[in-house]
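Note that the numbering used here has the sequence shown beginning at 1, numbered continuously upward.
Every residue, glycine too, gets a C-beta built ideally from N, C-alpha and C.
Everything numeric in this text was worked out from a predicted model, so none of it was measured.
Okay, structure first, notes after.
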Amino acid sequence: MGRNDLTYTEDNYYDHLIDLNSYLQGAPFHEELKLDAAGLLSFHWADCQNTCLLEIAEVLNSARGRARLDWLNHNLQKLKEIPTWLRGPVSTLHSNLYDTYDNFLEMPFRHALDAGKDVLISMVGEAGPYLPLMSHRWQDKSVFKNFISKKILTKKMPLRHFRIRSNLKGLVYFQAADIDAFPLTLVQIMSSGCLFLWNSPIIYSKLVEEKLASFQIDIRALREVHGVGEKTSGPLNFCVHNYKFFRSGIPGPQHGPQNEIFLFVRYKDMHAIERGGGTETVEEFFKPLLDRYYNEINQACSSLLTGITKSSGVPPLVAA
1 MGRNDLTYTE DNYYDHLIDL NSYLQGAPFH EELKLDAAGL LSFHWADCQN
51 TCLLEIAEVL NSARGRARLD WLNHNLQKLK EIPTWLRGPV STLHSNLYDT
101 YDNFLEMPFR HALDAGKDVL ISMVGEAGPY LPLMSHRWQD KSVFKNFISK
151 KILTKKMPLR HFRIRSNLKG LVYFQAADID AFPLTLVQIM SSGCLFLWNS
201 PIIYSKLVEE KLASFQIDIR ALREVHGVGE KTSGPLNFCV HNYKFFRSGI
251 PGPQHGPQNE IFLFVRYKDM HAIERGGGTE TVEEFFKPLL DRYYNEINQA
301 CSSLLTGITK SSGVPPLVAA
């Protein structure tokens, strides 16, 4: 919410709405809107179709929107000064970092890489050292996000369904693990499921071997701050036996390469475990929270979009 109050009440609702309107109309494209001062939940405009359409309308119809896109382009253009070398089985291509990012996000290029999977990249020189292009270890998180924003704003990328970004700590257990529990973080909450993150290669190997895991997510602070989960007094406990996971080696802007592993689990594959805190499903717990913010964000978005289209005389955009 961006204010000192941690709880979502009638008293601070209008302050929160002002923060939301200001964020959608004037914040730099890379920034997220904090939904509480505790850092539990946040929202990014690229995580909802209607806010994407709003930002596209801003770029097309207002000087403020064009100035924000120009700032984004100005920073990305600097990457053309950084040379790259892409080595395939037969030859080496000399390029620059801007074109490498830009091409990497194009689906035909990605499909070609998936077919070959042996393209290497160097930002040092033709002699190397080289990294696998598909490892992501050559990428910077902030630059990657800026390219995603640009492609959305220029209508060159499909729009996402609504989701909330989160920072909820938890544990995962394996039946045959030598260590009792491994820490992880719930990083995205969606209508279809949840996305988890950890940095331990041990969990990756256990997921491959075990195919069954038990999760425990600490929701005490979330319950206190956002007033959800009345049926659940303890943590969320559930087991999973069907999941999709993938690695990411994208480094942060001031950090070395990370060995991040993401795990997406659908709600229908989460089976509640009763451990003294009730058997409310994960979907039942998160649905009111998603609905609340989806409705609030889309209401603000609709009002702002109407104002933009009325002043410009251009009909509103619709999702494809």
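Item                                                                                    : Value
Exposure label - T306; buried when at least 16 CB within 10 Å                           : exposed
Unbroken beta strand (DSSP E) run spanning G170, endpoints                              : 163-173
For L212, three-class secondary structure by DSSP                                       : coil
Supposed close pair I219, L153 - CB separation, criterion 8 Å                           : In fact, because the Cβ distance is near 35 Å, the residues do not count as touching under 8 Å.
Rounded Cβ spacing between Q216 and N237 (contact assumed at less than 8 Å)             : 5 Å
Whole beta strand (DSSP E) elements within the stretch 270-301, 3-residue minimum       : 270-272
Where the beta strand (DSSP E) through Q188 begins and ends                             : 182-190
Run of the beta strand (DSSP E) containing G193, from where it starts to where it stops : 193-198
Best match in D19, F182, Y293 for proximity to G227 [C-alpha to C-alpha]                : Y293
C-beta contact flag for I82 and M134 at 8 Å                                             : no
The stretch 161-169 / the stretch 189-199 touching (three or more Cβ pairs under 8 Å)   : yes
DSSP beta-bridge partners of I121                                                       : L86, L131
I219 - DSSP class collapsed to helix/strand/coil                                        : coil
Helix, strand or coil at T154 [DSSP, three-state]                                       : coil
Residue of I261, E224, H94 minimising C-alpha distance to F205                          : Strictly speaking, residue 205 in this sequence is Ser, with Phe absent from that position. Among I261, E224, H94, the Cα nearest to that of S205 belongs to I261.
For F147, the nearest candidate out of Q299, F29, S302, M270 (CA to CA)                 : F29
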